[in-house]
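Chemist: Heads up: the sequence shown begins at 860 in this note's numbering, then just goes up one per residue.
All C-beta atoms, glycine included, are put in the ideal place defined by N, C-alpha and C.
Computed from a prediction, not measured in an experiment: that's the story for all the values here.
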Amino acid sequence: MPLTVADIQAPIAAEMQLFEQKFKGQMKSDVMLLDQIMNYIVKRKGKQLRPMFVFLMAGVCGPITEATYRGASLIELLHTATLVHDDVVDESNYRRGFFSINALWKNKVAVLVGDYLLSRGLLLSVDNGDFDLLRIVSTAVRELSEGELLQIEKARRLDITEDVYYEIIRQKTASLIAACCAAGARSVEAEKEVVDKAHAFGEKVGIAFQIKDDLFDYGIAEIGKPLGIDIKEKKMTLPLIYALNKTGFLEKRRIINIIKNESEKPQKVNEVIAFVKNSGGIEYATEAMNQYVAEAQVLLNAFPDSPYRQSLHQLVQYTIDRSK
């Protein structure tokens, strides 16, 4: 039977339950509109993989402390702020099957809500003197913004190489999972060398996680995001980059022309998907993803064995076995 999130959470089930209560408390506001929106955000939370990485890595490195709860809250507050702002930027009306904040309350309110979440996270750290945690997570948010902007810049010219692709996903996705692991380790006062190792582990997991997301665009699972959405948004992902590098000049020009000028036509998007599949792009990206997972597992094995470490191994596997 496939692993469930509940199975993986077993060693930290009590901590995750307490974390939910603490997090709800941190989202409260005296402003009625803000409190209403905070309740809406709490209700539509996802699988909470990020706090799981924080708690499990903290458990691997030492007994879980109050600082661990604050580290997990800081990650969730800053991450949620970036998602609320992303939905405004992308003009997106949905997030995880629910209406986005900007769809229900308009852009102005959504931007202010994102700012509020950001300030709550900053104050949570400053008020408790968690400056190391604040540095770890703030660095990740900076990298996330840089990665998004680098992707926008490159999408205009469609000239992304594999090196640039990896830099984009390292910043956009991997930086946050790396921050979760580093914050977990630092929250139990692990030494810098251990925190760095936890960060490196999280970065490799994050890169594998994003490659898996990119593969969903080509229909590798029954569930997942709609087919071809990255192509429609002119995002150059690993399967496509590989396929373009393997083909001749004329075919490359034809495919790039479709992405630039005809990505709104479903039959043209299907042509690109078929081109990538026939060029071995799916196999190449899957192999790259598995390589990052293998490297992450090797880094994790350097930590002492424990139920927390075993769950982290399972969580890594879960991130690439998932169907959405």
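Thinking C-alpha only, which one of Leu1158, Gly930, Ile1118 is nearest Asp991?
Modeler: Per the Cα distances, Gly930.
Chemist: Once you ignore the five residues that flank Gln868 on each side, which residues in its own chain have a CB closer than 8 Å to its CB?
Modeler: The answer, listed in chain order, is Met875, Met911, Ser1170.
Chemist: What residues in its chain sit with their C-beta under 8 Å from that of Gln885, if we drop five residues either side in the sequence?
Modeler: Excluding positions up to five away in sequence, the list reads Ser932, Leu936, Arg979, Leu983.
Chemist: Using the beta-carbon count (16 or more within 10 Å), is Arg1112 buried or exposed?
Modeler: Result: exposed.
Chemist: Using CA coordinates, which residue listed in Lys1124, Pro1125, Glu1052, Thr1145 is at the minimum distance from Leu1097?
Modeler: Nearest option by C-alpha distance: Thr1145.
Chemist: I need the DSSP call for Pro910, collapsed to helix, strand or coil.
Modeler: Helix, per DSSP.
Chemist: By Cβ distance below 8 Å, which residues in the same chain neighbour Leu862 in space, the five residues on each side in sequence not counted?
Modeler: For Leu862, where only same-chain residues beyond five positions count, the Cβ hits under 8 Å are Gln1173, Gln1176, Tyr1177, Asp1180.
Chemist: Just how far apart, CA to CA, sit Ala1037 and Asp1073?
Modeler: Roughly 19 Å between the two C-alpha positions.
Chemist: I need the DSSP call for Pro870, collapsed to helix, strand or coil.
Modeler: Helix at Pro870.
Chemist: Exposed or buried, Leu877, counting other C-beta atoms within 10 Å across all chains shown (16 or more means buried)?
Modeler: It is exposed - the Cβ of Leu877 has fewer than 16 other Cβ atoms within 10 Å.
Chemist: Would you mind working out which of Arg903, Ala1161, Ser888, Ser1165 sits nearest Lys1056, comparing C-alpha positions?
Modeler: Comparing Cα-Cα distances from Lys1056 to each of Arg903, Ala1161, Ser888, Ser1165, the minimum goes to Ala1161.
Chemist: Could you pull out every residue in the same chain whose Cβ sits closer than 6 Å to the Cβ of Gln1010, ignoring the five residues on either side in sequence?
Modeler: The residues are Ile1027.
Chemist: Could you check how far apart the C-beta atoms of Asn961 and Asp974 are, in whole angstroms? I think they sit under 8 Å.
Modeler: That belief does not hold up - the Cβ atoms of Asn961 and Asp974 are roughly 14 Å apart, past 8 Å.
Chemist: Do Ser1034 and Ala999 come within 7 Å of each other at the CB atom, strictly closer than that value?
Modeler: Cβ distance < 7 Å, so Ala999 and Ser1034 count as in contact.
Chemist: Only counting the same chain, and skipping five residues up and downstream in sequence, which positions put a Cβ closer than 6 Å to that of Ile995?
Modeler: Ala1038, Ala1041, Ala1042.
Chemist: State the Cα-Cα distance for the pair Leu971 and His938, rounded to the nearest angstrom.
Modeler: So the alpha carbons of these two residues sit roughly 15 Å apart.
Chemist: Under a three-way DSSP split, which group does Phe1108 fall into?
Modeler: Residue state, collapsed to three classes: helix.
Chemist: Count Cβ pairs between the segment 1140 to 1154 and the segment 1002 to 1016 that sit closer than 8 Å; are there 3 or more?
Modeler: No: the two stretches stay apart, fewer than three of their Cβ pairs being nearer than 8 Å.
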